[in-house]
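Protein chains in written order, with numbering that gives the first Met the number 0: chain A, 0 to 295; chain B, 0 to 352; chain C, 0 to 294.
Built from N, CA and C at the ideal position, the CB exists for glycine as well.
So the structure is just underneath, and the comments pick up after that.
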Amino acid sequence: MAETALPSLKVKRSKPDWRVWLGVLPFFLFALLFLILPSLKLFVGSFTNDKGQLTLNNILQLITQQSILDSYWLSIKISAVTAIGGGLIGFLLAYSVTVGGLPKILRPILITFSGVASNFAGVPLAFAFVATLGRTGFITYLLSHFLNLKIYDAGFNLYSFLGLSLTYMYFQFPLMILIMAPALDGLKPEWREAAENLGATGTQYWLRVALPILLPTILGTMILLFGNAFGAYATAYALTGGALPIITIQIGAQIRGDVLHNPGLGYAMALGMVVIMGISLLGYSLLQGRTERWLK
Amino acid sequence: MAYLKISNVSKQFGENAVVQDFNLDVEKGEFVSFLGPSGCGKTTTLRMVAGFERPTEGQIIINDKEVTNVPPNQRKVGMVFQAYALFPNMTVNDNIGFGMKIARKPADEIKNRVEEMLKLINMEKYGTRYPYQLSGGQQQRVALARALALSPQVLLLDEPLSALDAKIRVSLRSEIRAIQQRLGITTVYVTHDQEEALSISDRIAVMYQGKIEQVGTPFEIYNFPQTAFVAKFVGTLNTISAEVVDVNNRILKIDGFQLETAENLDGRANGDKVTIAIRPERLNFIAQERKANVMDTRIENISFLGSVVRIQVSVGSNRFYMDTFNNPFLELPKIGSTDQMTCSREAVLVLKD
Amino acid sequence: MNLPFGWLQFAQNRFKRQQKPPDGRRKTPFWSWVWFIGGTLYLALPLLATFSFSLQMKRDTISLQAYKSAFADPAFINSFLFSIGLATVTIIASIALIVPTAYWIRLRLPQARRTVEFITLLPFVIPAIILVFGLIRIYSQPLSIPFTSLSMGQSLTNSKYGTLILIVAGYMVLGLPYMYRSIDTGMRTVDVRTLTEAAQSLGANWYTIMTRVILPNLRTALLSGALLTFAIVVGEVVLASYLGVAAFGPYLFLLGQHRAFEPAALTFATFLLTWIAMGIIQLVTGGQGQTTGAH
């Protein structure tokens, strides 16, 4: 075999190991400075009080102070609701354009639209929803004008939990579509044929074969959606101006003006968020691993 | 009365006539292969028997019942797919027991049957494994067991071995045949590998471009091909154009040499051009004096194929392959030398064009 | 009400009668249509609403006045151009950082792969708001090497260039997962190892290999990563406002506090821009676009 300049993986080289690591030094330096250090600062800061001593007080306060717990709970609620709702709607939509039998042309349209929608978050999304469901919004007007449904009189308010959830859904279910459509493609037609051949009806095939196969992906993606909504800030802020005290808004308030008079607590709140996001990411990877194993 | 009757079945996909006027009667317990190149319609026909495609015309009758319009999940035919199609989220046990679970059979009946099937395919210890933990050959055996668990009326196999290694293909095909004979189940087997079809079938239906070219036993198909396509597709064949010299005495001419054939030349006239075919193993160098069917040859090349030695010779402007069994102590002719070659009258086949 | 429900049944039955037995696995596409139309409406209505609102600046007529007014505003032009500039710098810096790293890992240091991939997943766990929190806390004091008395003169956040460095770095972090994954997939697809060996056997040096062999073959991946980064940066609001940078995001937000029609116009324009960017990505990658998710 001809000598190449690149060391092959199996041949041990006499060159010192550490020099090869120089190649990735810039990347690690960058990550250290701008990703790892800030995270460490948050981590260490949660365990420090104003005098710089190590303490568990911040964490303690985190899990006992009602307003903070309420914030976390609110964030979890809205993330769970939009994850499950977005997951279901997204799944049904992905189903409709893949195995669901709609004309083939509709699929790329939906996929592109979903790609745009899932990126369309933050300030513009909030404005768009105000124009749609705000007091003088498009739908509000249509409903009151044509169907005599005055939703604001009935108690609906865009700047509420429901309103924010509806807004979040806008990027949640498209994300589900983008992930589920290829997963649905991965359902081999032979599985359906084999199931039919063994006597199963369409419903039985879905219940016993297709959905179980898809379940890890569905659950994993819902967890992804959960994390997605949990960390969202700009959309909520632009829409409600901070009125809805989800945890990201709280942290934002902390940055702006030490509302809690205790920087350590702010760090602890951020740490709490990271822990929750970390757990969801873990759950997602585990479920991904399961799918990949089956479909090797 | 045939157990599986496929009568006048045609399938049209838009402008394409993928299967044309397919007629075949399969007896109970018989093993029939559909053999042909890609695109000849064999898989489509099989799928029509399974119920995954509906014939544009014609009928399919199993055990005296017409099933042409019966949905696939009610037909009681077992199908083994090319890509195994095992359910990846279920263990081997669950895969095999799937059909019975759907049919709501009691749990212990399912358990017993699954064990029986595992014994049949020689994989008793693999019940709790998942498909991704099995090799290709093992997956295919599980797929077979899954199809057989419901005791189907007919077993259909769609190129089940084409995704496997050569050695496994050979051993698995004998296993499949042994199981089929043991259970006495009527079987249709689709393949493009003629050696496979020849070795395990009771009868073979050779297909080309949607039509049946010939139906017969492996022996008949190989030794007495009726059309040019069958002759060329099955086994190696020397095909040469020749000219009719004497219709009544059945004499043809190639490159100045006269060949006598045992075939009937009715319907042809002297001077007609025909295609003749001779199997390589029917040619040999002359050991003793012969008058008829003698050709002067020049040795062009010799290939060692393992158990067979293939000698390429030229007769005038024609090229022939001659096969002889390998014998390490037999001296082979030298390349470039000349010799005389002969074959019997029966070996000269005249093809219907 | 009986009428709508009855109509629903009627429509469903009509579809059922058209259904053909065994051929194909599509049964009743009725519900598929329901979901599809519902979903598309949900996605389209807010855009329609925004568009319609943006046309109503002039009383009682439809006009593009809101657009004219919005685009003419010097603050808009400045902030938008500034954001574009930021995006460009971010993209170039990201490519310069990630391409060599990914390449090096593929070719020489596969052991580092898991660590690097883990790092690229961190931004998912650390949302923008927390990242900016950490960045500000660390860099609002002058950088110093711990346990020594060496330190920079001024903190990063105090100087203009320092802040710019900070925000570009922040944007690079936000875009890291997508950029890295795009480039890594691209490298895997074109099998950079074999290409490199082929180029070397023909006598090329590293520079030539990188510029003439690797980068051109990564065009699709780079374009897709770049467009995604562009979308992130231009729409970004959290880092920009907390770091006090005059980017497009904060501008749009402030505009929304004072004006009604121009924000709608800009929102719709942003949507069109995102659509174009995504469309290009779709075209170029053949349908495997990526998403950046919520902000």
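Going straight from the alpha carbon of residue i to that of residue j, what length do you get?
i        : j        : result
Lys75/B  : Leu149/B : 8 angstroms
Glu2/A   : Ser200/C : Because the pLDDT at Glu2/A is just 49, under 50, the model does not fix this residue reliably, and the value given afterwards should be weighed accordingly. Taking the straight line joining both Cα atoms gives about 10 angstroms.
Arg267/B : Arg181/B : 49 angstroms
Pro20/C  : Arg53/B  : At Pro20/C, the pLDDT of 41 sits below 50, so the modelled position is not reliable and the matter cannot be decided from this model.
His191/B : Thr216/B : 16 angstroms
Val153/B : Lys4/B   : 11 angstroms
Met268/A : Ser66/A  : 12 angstroms
Phe303/B : Arg318/B : 18 angstroms
Leu160/B : Glu195/A : 22 angstroms
Gly374/A : Thr188/C : One cannot answer for residue 374/A here, as it falls past the ends of chain A, which runs 0 to 295.
Asn237/B : Tyr179/C : 60 angstroms
Thr290/A : Pro130/B : 13 angstroms
Pro123/A : Leu285/A : 34 angstroms
Arg255/A : Leu214/A : 42 angstroms
Leu119/B : Pro28/C  : 43 angstroms
Ile128/C : Thr111/A : 28 angstroms
Asp22/C  : Phe51/B  : Residue confidence is low: Asp22/C scores 41 on pLDDT, short of 50, so the model does not pin down where it sits. Its coordinate-derived value is still stated next. About 6 angstroms.
Trp274/C : Asn227/A : 21 angstroms
Ile176/A : Pro36/B  : 40 angstroms
What is the DSSP secondary structure of residue i, counted as helix, strand or coil?
i        : result
Asp72/C  : coil
Ile175/B : helix
Ser7/A   : Confidence at Ser7/A is low in this model, with a pLDDT of 48, below 50, so its placement is unreliable and the value that follows should be read with caution. In this structure, Ser7/A counts as coil in the three-state DSSP scheme.
Met168/A : helix
Gln287/B : coil
Met294/B : strand
Val76/B  : strand
Tyr2/B   : coil
Ala276/C : helix
Glu52/B  : coil
Leu197/B : helix
Ala125/A : helix
Asp20/B  : strand
Ser336/B : coil
Asn94/B  : helix
List, in order along the chain, the chain B residues whose C-beta lies closer than 8 angstroms to that of residue i?
i        : result
Leu294/A : Pro87, Tyr131
Lys187/A : Ala82, Ala84
Is it buried or exposed for residue i, if we count other Cβ within 10 angstroms and need 16 for buried?
i        : result
Glu26/B  : exposed
Ala180/A : buried
Leu59/A  : exposed
Ala381/C : Because chain C spans 0 through 294 in this model, residue 381/C falls outside it and cannot be assessed.
Leu146/A : exposed
Ala139/B : Before going further, note that residue 139/B is Gln rather than Ala in the sequence given. Buried is the call here.
Asp245/B : exposed
Val8/B   : buried
Counting only Cβ pairs nearer than 8 angstroms, list the residues of chain A close to residue i.
i        : result
Met78/B  : Glu192, Ala193, Asn196
Leu149/B : Leu197, Gly198
Gly133/C : Leu36, Pro37, Ser38, Lys40, Leu41, Ala269
Along chain A, in chain order, which residues have C-beta atoms closer than 7 angstroms to that of residue i?
i        : result
Gly161/C : Here the premise fails: no neighbours, minimum Cβ distance about 13 angstroms.
Arg218/C : Chain A residues near Arg218/C: none, gap ~20 angstroms exceeds 7 angstroms.
Ala49/B  : Asn196
Could you tell me which chain C residues have their CB closer than 7 angstroms to the CB of residue i, listed as they occur along the chain?
i        : result
Leu92/A  : Trp34, Phe35, Gly38
Thr111/A : Met277, Gly278, Gln281
Ala252/A : None at all; the shortest Cβ gap to chain C is about 11 angstroms.
For residue i, which residues in chain A fall below 9 angstroms Cβ to Cβ?
i       : result
Ser51/C : Ala130, Phe137
Quick one: list the residues of chain C neighbouring residue i, beta-carbon separation under 8 angstroms, in chain order.
i        : result
Thr290/A : By Cβ distance, chain C contributes nothing, its closest Cβ being about 18 angstroms from Thr290/A, past 8 angstroms.
Ala237/A : Val236, Phe252, Gly255
Tyr169/A : Tyr41, Leu42, Pro45
Leu153/A : Note that residue 153/A corresponds to Ala in the displayed sequence, not to Leu. Result: empty, since nearest Cβ-Cβ is about 19 angstroms, beyond 8 angstroms.
*Name, going along the chain, the residues of the region 239-251 of chain C whose beta-carbon falls closer than 8 angstroms to a beta-carbon of chain A.*
Tyr241, Gly248, Leu251
_Against chain B, which members of the region 196-215 of chain A pass a CB distance test of less than 7 angstroms?_
Asn196, Leu197, Gly198, Ala199, Thr200, Gln203, Val208, Pro211, Ile212
_Which residues of the region 39-73 of chain A have a Cβ closer than 8 angstroms to any Cβ of chain C? Give them in chain order._
Lys40, Leu41, Gly44
*Contacting positions in the region 64-95 of chain C - beta carbon closer than 8 angstroms to chain A*: none
*Could you list the residues in the region 94-119 of chain B with a C-beta less than 7 angstroms from some C-beta on chain A, going in chain order?*
Phe97, Gly98, Ile101, Ala102
*asked:* Output needed in chain order: residues of the region 175-208 of chain C with a Cβ under 9 angstroms from some Cβ in chain A.
replied: Leu175, Arg192, Thr195, Glu196, Gln199, Ser200
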